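In terms of numbering that gives the first Met the number 0, the numbers along the sequence shown are unbroken and rise by one, the last being 414.
The C-beta atom is built at its ideal place from N, Cα and C for all residues, glycine as well.
It should be emphasised that the depicted structure is a prediction, and the values quoted were computed from it without experimental measurement.
The structure under discussion appears below in the form of structure tokens.
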Amino acid sequence: MKVLMFGWEFPPFNKGGLGTACYGLTRGLKNKNVEVTFVVPRAPKGITGKYVNLLSANDLSKFTFKEIISPLTPYMTQEEYHHMILSHSPSSKDNNLYGKDLFSEVERYAQKASLIATNTEYDVIHAHDWLTYKAGIAAKRVSGKPLVVHMHATEFDRTGGNGINQYVYDIEREGMHAADKVIAVSNFTKNKVIEHYGVPPEKIEVVHNAVDFPENTFSNEELGLKEKEKVVLFLGRITLQKGPEYFLYAAKMVADYMDNVTFVVAGSGDMQPFLINKAAELGIADRMLFTGFLRGRDIDRAYQMADLYVMPSVSEPFGITPLEAMRNNTPVLISNQSGVSEVINHCLKVDFWDIHDIASKMVSVLEHKELQETLLEFGGREIKKFSWDIPAEKCLNVYNNVVSTQKQQFQRIAI
0 MKVLMFGWEF PPFNKGGLGT ACYGLTRGLK NKNVEVTFVV PRAPKGITGK
50 YVNLLSANDL SKFTFKEIIS PLTPYMTQEE YHHMILSHSP SSKDNNLYGK
100 DLFSEVERYA QKASLIATNT EYDVIHAHDW LTYKAGIAAK RVSGKPLVVH
150 MHATEFDRTG GNGINQYVYD IEREGMHAAD KVIAVSNFTK NKVIEHYGVP
200 PEKIEVVHNA VDFPENTFSN EELGLKEKEK VVLFLGRITL QKGPEYFLYA
250 AKMVADYMDN VTFVVAGSGD MQPFLINKAA ELGIADRMLF TGFLRGRDID
300 RAYQMADLYV MPSVSEPFGI TPLEAMRNNT PVLISNQSGV SEVINHCLKV
350 DFWDIHDIAS KMVSVLEHKE LQETLLEFGG REIKKFSWDI PAEKCLNVYN
400 NVVSTQKQQF QRIAI
């Protein structure tokens with residue numbers, strides 16, 4: 000089986016879980032003898048594809064293209080894109096928050112996808128998230144090959160349902176209706192796709208994400224930990240979707256109760272200035288540590304230094320970070336409003352808006368060693384089942400299904 004796969008990022012140049020998921024999935028597919036050609040808008044120096052053929056849409060030897068200079072990432076809302084543009088061009092007065100260039104990037108990528116699709120050998124097309132759906136549709140149009148679109152996050156997730164962008168929504172809807180199959184990362188996401196996009200349930204396959212196991216382990220001395228100090232970690236994009244504000248308010252309650260706790264916020268995003276100012280306003284600035292965006296070894300280091308990892312997401316289609324925390328032997332507290340809550344049991348769960356419950360469960364883990372050890376013991380057993388070979392096998396079944404269905408349709412037409 001040969002797959003032409005469209006994505007917007009690939010490790011080590013990724014901003015979040017989508018790139019991580021693409022890497023893990025392609026590695027799992029390689030173990031299933033699936034040959035993947037992974038297309039990204041551009042391939043920065045240093046990007047390598049050990050398990051895939053990486054093809055840059057701006058570096059095709061057979062064609063001449065203008066380079067796609069794209070600040071766009073798969074997770075941006077209108078506010079995030081606007082914040083990023085203003086940070087690079089403070090004098091900008093454009094009130095169109097997504098900006099014309101952002102959408103033209105998606106269109107240019109789709110145009111190049113048509114050329115790539117006519118000069119690449121493959122059996123099926125796989126497009127990840129809305130940024131690549133037009134590319135997938137274009138490839139299907141010129142090749143006639145079946146299209147699978149992968150829904151990692153909907154516009155409703157990114158915005159929390161507040162002020163969705165109609166253009167993005169329309170692309171998502173068009174992509175899913177044009178596809179032969181839709182892969183959703185959770186039942187949580189599947190239900191949203193059915194409710195908000197009118198996609199028939201039988202067209203959607205749920206394929207939960209998995210996790211890679213850490214290559215980095217650190218001693219307490221390397222982590223710089225002190226015996227009586229406690230660390231609570233938030234690691235993710237600092238955006239509305241991830242619920243950092245709820246983490247902050249819960250941290251305030253815990254800080255008022257316990258003196259020996261530091262709250263680490265690892266990540267970046269449009270809400271970071273607000274969060275820093277709010278921490279000062281709440282009088283806990285000295286208890287907060289903002290690290291900025293982390294990569295590689297620093298991610299494992301952050302998990303391993305934490306006594307508890309908290310994911311208070313408002314709307315999380317899946318959520319790989321709790322799995323990453325568990326693989327690093329760190330207890331986790333997650334919101335019920337997440338896909339990952341469907342598949343892990345040995346953790347603590349809360350509703351994202353219930354800051355009193357979040358604070359209470361933080362204190363429970365920090366003060367009760369028995370609870371922490373129980374979560375670690377059973378969580379450590381549970382996490383071992385999350386191999387990328389499992390979602391890869393499910394994706395391969397989807398590929399075989401759409402290819403077989405198309406062949407049967409051609410045979411009926413021939414008759």
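Select from the options the residue whose C-alpha is nearest the C-alpha of residue i.
| i | options | result |
| --- | --- | --- |
| Y168 | N190, Y196, V148, S185 | Y196 |
| M325 | S314, E376, P311, V364 | E376 |
| A152 | N190, L146, I124 | N190 |
| T329 | G135, L374, H125, V2 | L374 |
| L332 | I136, Y308, N215, F212 | Y308 |
| M0 | N30, I357, L17, A20 | N30 |
| M150 | T261, G16, F37 | G16 |
| D388 | A250, A358, H207, D179 | H207 |
| T36 | Y121, S103, K111, L24 | Y121 |
| E315 | V105, V141, S185 | S185 |
| V205 | Q110, F102, E341 | E341 |
| A434 | L24, L222, V105, V401 | The first residue shown for the chain is 0 and the last is 414, placing residue 434 beyond what the model contains. |
| M270 | T290, A254, L239 | L239 |
| D285 | G23, A183, I193, T261 | T261 |
| A20 | E194, C394, I193, E201 | C394 |
| V339 | H345, I354, H355, I319 | I319 |
Determine which residues share a DSSP beta bridge with residue i and list them.
| i | result |
| --- | --- |
| S334 | V349 |
| T290 | In the DSSP output, where bridge partners are listed per residue, T290 has none listed. |
| A126 | F5, V148 |
| L232 | V263, Y308 |
| E315 | S337 |
At which residues does the beta strand (DSSP E) containing residue i begin and terminate?
| i | result |
| --- | --- |
| M310 | 307–310 |
| V167 | Element bounds for V167: not the beta strand (DSSP E) but the alpha helix (DSSP H), 165–177. |
| V205 | 203–205 |
Between which two residues does the alpha helix (DSSP H) holding residue i run?
| i | result |
| --- | --- |
| E154 | 154–158 |
| A183 | Where A183 is concerned, there is no enclosing alpha helix (DSSP H), although the beta strand (DSSP E) it sits in stretches over 180–183. |
| I354 | 354–366 |
| G27 | 16–30 |
| E383 | According to the sequence displayed, residue 383 carries Lys and not Glu. Note, K383: premise wrong, no alpha helix (DSSP H); not H, not E. |
| Y121 | Element bounds for Y121: n/a, residue is neither H nor E. |
| V192 | 186–196 |
| K251 | 243–256 |
| K277 | 271–281 |
| A209 | Unbroken run through A209: none, as it is neither H nor E. |
| A436 | Residue 436 cannot be examined here, being either before or after the span of the chain that is shown, 0 to 414. |
Buried or exposed for residue i, going by 16 or more other Cβ atoms inside 10 Å?
| i | result |
| --- | --- |
| I172 | In the sequence as presented, Ile is not what sits at residue 172; that position holds Arg. By the neighbour-count rule (16 or more Cβ atoms within 10 Å), R172 is buried. |
| S403 | exposed |
| T188 | buried |
| E154 | buried |
| P89 | For P89, the predicted structure reports a pLDDT of 43, less than 50, and the residue's modelled location is therefore unreliable. The matter cannot be settled from this model. |
| I357 | buried |
| G174 | buried |
| L274 | buried |
| D179 | buried |
| R411 | exposed |
| S312 | buried |
| F212 | exposed |
| V141 | exposed |
| F62 | Any reading at F62 must be qualified, since the residue scores a pLDDT of 27, below 50, and its modelled position is unreliable; no value is offered. |
| H367 | exposed |
| L288 | exposed |
| R380 | exposed |
| K111 | buried |
| K144 | buried |
| D128 | buried |
| K139 | buried |
| Q303 | buried |
| E104 | buried |
Might you give, ordered along the chain, the residues of its own chain that have their beta carbon closer than 6 Å to the beta carbon of residue i, omitting 5 neighbours on each side?
| i | result |
| --- | --- |
| D125 | First, the residue type needs correcting, since residue 125 is His and not Asp in the sequence shown. Answer for H125: V2, M4, V147, listed in chain order. |
| L322 | V210, F385 |
| L28 | V35, A391 |
Excluding the five sequence neighbours on either side, which residues of its own chain have a C-beta within less than 7 Å of the C-beta of residue i, listed in chain order?
| i | result |
| --- | --- |
| G266 | L234, G235, R236, I237, F292 |
| F351 | G242, Y245, P311, S312, V313, S334, Q336 |
| K360 | L332, L347, V349 |
| V401 | V123, P145, V147, D179, K180 |
| I163 | E154, F155 |
| Y256 | V362 |
Got a sec? Which residues, its chain only, sit under 8 Å from residue i by beta carbon, not counting five neighbours each side?
| i | result |
| --- | --- |
| D306 | K229, V230, V231, T329, P330, V364, L365, Q371 |
| K277 | E244, L247 |
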